[in-house]
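Position 208, counted from 1, in the sequence shown is what my numbering calls 212; the numbers after and before it change by one each time, with no gaps. Yeah, the Cβ is synthetic: ideal placement off N, Cα and C, and Gly gets one too.
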Amino acid sequence: MSLVDSFGRQINYVRLAVTDRCNLRCQYCMPAHGIDIVGRKELLSYKEMYRIVRVLTELGINKIRLTGGEPFVRKDFIGFLEMLSFNDLLEDINITTNGALISKHIETLEKLKKVKNINLSIDSLQRDKFAKITRRDVFPEVYDTFELLEKSSLNLKLNVVIQSGFNTDEINDFVALSKDKNIAIRFIEEMPFNGKGQRDIQKNWNFKQILNEIKSKYDVTEVVSEKSSTSRNYAIEGHKGTVGIIPAFTRTICNDCNRIRITSTGTFKNCLFDDGVFNLRDFIRSGASNDDLKELFLSLIKEKPKNGFIAEANRKKGGVSESMSTIGG
Ligand code: SAM
Ligand code: SF4
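Set out below in structure tokens:
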């Protein structure tokens with residue numbers, strides 16, 4: 005019994021949002037006043053999350069990405085990581101974080117053997133601009149985290165959302181960081197998941213434009229990536245690190261999708277662009293057994309749409325405008 009969708013794609017990766025709360029207010033993710041967060045009881049508890057993940061691993065999931073909101077905002081997130089590490093069927097535990105709260109936890113993270121990859125979101129290398137984008141003046145802390153992570157034993161990827169009118173002029177400054185640092189820098193196409201259209205995207209910088217900007221300064225060679233990689237990746241001669249581009253909005257990566265998502269309130273999502281197909285929290289709280297959960301997952305996976313365009317077209321609740329903080333980016 006394993007999770008294979010109706011297009012033959014084997015699903016082995018779950019992205020789980022551990023909270024919808026966040027300490028920052030990134031303009032492409034939510035309005036300045038934040039999103040309407042849900043009551044605590046509506047969030048999955050760590051025990052519920054553990055149980056869902058355990059069942060999923062019994063169906064072949066072996067990697068998890070923990071995201072949010074900001075995962076480190078949730079109380080005792082480190083305890084949850086320790087708890088998850090006990091799951092012998094889980095091979096990799098990856099985390100996406102804005103980095104503002106984690107410098108003191110890095111040593112602990114290094115000790116958790118299954119925690120391997122950290123994606124740090126950082127959209128500008130200039131303090132003023134960083135503060136405008138995130139609406140919080142925390143660049144020094146985030147940069148500190150960046151330097152500590154870079155020196156640590158954890159694999160580090162930087163997530164840089166490319167926002168027209170803000171940071172397109174810094175693309176090659178980020179690329180320059182890969183010269184001496186063994187990091188993967190990934191530029192992400194901006195998507196309209198901004199918690200109800202507070203930021204008006206003037207011009208969408210797509211994959212091609214981002215690549216052309218890099219090529220205007222560097223000779224890049226495409227490197228072979230893992231089949232299910234979300235980014236197309238490039239090497240530059242003489243650079244220790246690599247650069248990649250995530251076509252999040254143009255969606256040219258769906259054919260090899262190997263993932264599902266679970267939001268902080270327990271909504272199961274087959275695709276970033278669908279509007280949620282099932283509420284696992286209510287199912288568990290009404291007494292579902294692990295076998296019921298297994299059966300459910302095996303049937304939900306058969307509804308996984310072929311790609312993000314079909315998922316978007318099938319939405320019942322209107323266009324894509326919810327915050328990435330709710331979905332779990
Ligand atoms: N708070 C953590 C962070 O920022 O890394 C984890 C959650 S955040 C929603 C996950 C990723 O989604 C971040 O790299 C963020 O930059 C990205 N993201 C959020 N809103 C986005 C949007 N509208 N378009 C593209 N990427 C977005
Ligand atoms: Fe918070 Fe991450 Fe959204 Fe920024 S992108 S507001 S850090 S959840």
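Requested in this report: Say whether the segment 283–290 touches the segment 50–64, bearing in mind that this needs 3 or more beta-carbon pairs closer than 8 Å, one atom from each stretch.
Outcome: yes
Query raised in the report: At a cut of 8 Å, does the segment 122–134 reach the segment 87–103 through at least three beta carbon pairs?
Result: yes
Query raised in the report: Would you say the beta carbon of Cys258 comes nearer than 6 Å to a heavy atom of the ligand SF4?
Result: Cys258 Cβ: outside cutoff for every heavy atom of the ligand SF4.
Report task. Would you please state the rounded distance, in angstroms, between the beta carbons of Asn274 and Lys308? I believe it to be under 8 Å. Result -> 4 Å
Query raised in the report: Buried or exposed: where does Thr225 fall if 16 or more other Cβ atoms within 10 Å of its Cβ makes it buried?
Result: exposed
Query - Cβ pair Trp209, Ser168 closer than 7 Å - result: yes
Query raised in the report: Is any heavy atom in the ligand SAM found nearer than 6 Å to the beta carbon of Asn121?
Result: Result no, Cβ not under 6 Å from the ligand SAM.
Report task. Inspect the CB distances between the segment 112–121 and the segment 68–88 and report whether three or more fall short of 8 Å. Result -> yes
Query raised in the report: I think Ile189 touches Gly245, with their Cβ atoms under 8 Å apart; what is that distance to the nearest whole Å?
Result: 7 Å
Query raised in the report: Sorted by chain position, which residues of the same chain lie with C-beta nearer than 7 Å to Glu326's C-beta, five sequence neighbours on each side aside?
Result: Phe197 and Gly199
**Report entry** Cβ distance (whole Å) where Arg19 is taken to contact Cys261 below 8 Å
**Finding:** In fact, because the Cβ distance is near 12 Å, the residues do not count as touching under 8 Å.
**Report entry** Beta-carbon contacts of Tyr17 that lie in its chain and below 6 Å, excluding the five residues immediately before and after
**Finding:** Lys67, Asn262 and Arg263
**Report entry** Coil, strand or helix - Asp286 by DSSP
**Finding:** helix
Query raised in the report: Unbroken alpha helix (DSSP H) runs of length 4 or more, entirely within the segment 164–223: which are they?
Result: 175–181 and 211–219
Query - Nearest neighbour of Ser337, chosen from Ala180, Arg285 and Asn186 [CA to CA] - result: With the chain covering only 5 through 333, there is no way to say anything about residue 337.
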